[in-house]
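If you read the sequence shown in the UniProt record's numbering, its first letter stands for residue 1, the second for the next number, and so on.
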Amino acid sequence: MIYFLAMLIGIGAAMLHIPLLFVLYVFILVWVISKLSKKKNETDLD
1 MIYFLAMLIG IGAAMLHIPL LFVLYVFILV WVISKLSKKK NETDLD
């Protein structure tokens, strides 16, 4: 998981010089995190 996060950070840093791609990257990251937290909340309710 830590390697995965490091890879995401590396990709984000590489895309910093392309603002549009970076915005898209942040949008996808937020969407994935919200999906993961929703899944976690559903399991907590069970």
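Using N, Cα and C, we set each Cβ at its ideal position, and we do this for glycine too.
Asked, Found
"C-alpha distance - residue 24 paired with residue 35, whole-angstrom precision", "16 Å"
"Alpha-carbon spacing of residue 6 relative to residue 42, whole angstroms", "27 Å"
"Contacts around residue 11, its chain only, beta-carbon distance under 8 Å, and the 5 residues preceding and following it disregarded", "25"
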